[in-house]
Ligand SMILES: [Zn+2]
Ligand SMILES: [Zn+2]
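In my numbering, the protein residues as written are 878 to 1162.
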């Protein structure tokens, strides 16, 4: 199973010379087992490039899974080539209460005002579904488990398992414990952290929202984003092999992110790497 990063930025796309190495596109991650339809996690602006690549492959089916509908995770959807391809089957799943709610929420954006097309008019074969925290889904060959995150308006994190390979996608979220409590305070995990840890348990790769530094988090605790030390502590407790820092701040330049990578270089249990646009990880290895 492969993990590919198509957009790694949080909040707003930031193209430019200062972000060209890590990439300026917003959240879009692909998980794909050999010869199988891909699972696409979020549809930020990184989805535009992914869509063109998907059209060049023979497969005409994909599973799209949203963590939530903030714009940085949705903005690439109306520019995602498979939904304009009549032969493409796209299953769209999001943390809502019903398949109709998933469709209706997307329809608020693709409504003829914010985008020229209405969601009902796209030529691709779209179907919709809903997922709740705690649920297990089967999508093609993938087994997916969902967990509630700590984000304004709610968000779901996911674990994807396929034949002994596992990837976990946790964005967007603030720590699940307050400063000085639970894992944030260097103490045993609280109840919500225990649920998250059981989802992360033994995963080969965890992608985690680390948009803030610890100090920034203390200033913006209600914004719903975490910081690297918290993600590292969770991954250590869950026995995760590699942590990918993700949802980089729009203000973080390539040089800033190099400095962050340098700070965590050589760390083990977990190994800590930065997500970067174009990075492909083989989860079998
Ligand atoms: Zn976001
Ligand atoms: Zn968000």
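Idealized CB from N, CA, C, for every residue including glycine.
Please read all numbers here as calculations on a predicted model, not as lab measurements.
Local Cβ density within 10 Å of residue i, reported as buried at 16 or more and exposed below that
i: residue 1095; result: exposed
i: residue 1200; result: Lying before the first or after the last residue shown, residue 1200 is absent from the chain, which here runs from 878 to 1162.
i: residue 897; result: exposed
i: residue 892; result: exposed
i: residue 1088; result: buried
i: residue 1060; result: buried
i: residue 1012; result: exposed
i: residue 997; result: exposed
i: residue 858; result: Lying outside 878 to 1162, the shown extent of the chain, residue 858 is not represented and no answer is given.
i: residue 948; result: exposed
i: residue 930; result: exposed
i: residue 1142; result: exposed
i: residue 1086; result: buried
i: residue 960; result: buried
i: residue 1049; result: buried
i: residue 1070; result: buried
i: residue 935; result: exposed
i: residue 1146; result: exposed
i: residue 1099; result: exposed
Strand pairing of residue i, partner residues [DSSP]
i: residue 1034; result: 1024
i: residue 1013; result: 1022
i: residue 1159; result: 879
i: residue 938; result: 966
i: residue 1082; result: 1044, 1119
i: residue 1039; result: 1042
i: residue 1209; result: Residue 1209 falls outside the range modelled here, since the chain spans only 878 to 1162, and no answer is possible.
i: residue 1050; result: Note: residue 1050 sits in no beta bridge, so no partner.
i: residue 905; result: 884
i: residue 1005; result: 969
i: residue 1125; result: 886
i: residue 1149; result: 1120
i: residue 917; result: 907, 941
Contact test: residue i Cβ vs ligand 4 heavy atom, cutoff 7 Å
i: residue 1038; result: Ligand 4 is not among the ligands present in this structure, which contains only ligand 1 and ligand 2.
Below-8 Å beta-carbon distance, residue i vs any chain B residue
i: residue 1029; result: Looking at the structure shown, chain B is missing, and only one protein chain is on hand.
Proximity winner among the options, relative to residue i (alpha-carbon distances)
i: residue 1018; options: 1116, 938, 1086; result: 938
i: residue 1153; options: 909, 1137, 930; result: 1137
i: residue 1103; options: 1084, 973, 920; result: 1084
i: residue 907; options: 934, 992, 917, 973; result: 917
i: residue 876; options: 1110, 910, 930, 899; result: Because the chain in this structure spans residues 878 to 1162, residue 876 falls outside the shown range and cannot be described.
i: residue 963; options: 945, 947, 936, 1000; result: 1000
i: residue 1107; options: 970, 1090, 1099, 944; result: 1090
i: residue 1130; options: 894, 882, 880, 888; result: 894
i: residue 992; options: 1010, 978, 952, 977; result: 952
i: residue 1115; options: 1081, 1128, 934; result: 1081
i: residue 904; options: 911, 913, 919, 914; result: 919
i: residue 980; options: 1006, 890, 1119; result: 1006
i: residue 1040; options: 1070, 1160, 946; result: 1160
i: residue 1009; options: 1078, 910, 976; result: 976
i: residue 1119; options: 1134, 1079, 915; result: 1079
i: residue 973; options: 944, 881, 966; result: 944
i: residue 1042; options: 886, 910, 915; result: 910
Inter-stretch contact at 8 Å, needing at least 3 Cβ pairs: the region 1020-1030 / the region 1044-1058:
The region 1020-1030, when compared against the region 1044-1058, does touch it at the 8 Å Cβ threshold.
Cβ contact (3+ pairs, closer than 8 Å) linking the region 952-968 and the region 922-930
A contact exists between the region 952-968 and the region 922-930.
Can you list every residue whose CB sits closer than 5 Å to some heavy atom of ligand 2, going in chain order?
Result (chain order): 947, 1049.
May I ask you to verify whether the region 1012-1022 touches the region 1035-1049, counting CB pairs closer than 8 Å and requiring at least 3?
They touch, by the three-pair rule.
Do the region 1115-1125 and the region 1062-1072 meet, that is, are 3 or more Cβ pairs less than 8 Å apart?
Look at the beta carbons and you see the region 1115-1125 not touching the region 1062-1072: under three pairs across the two are nearer than 8 Å.
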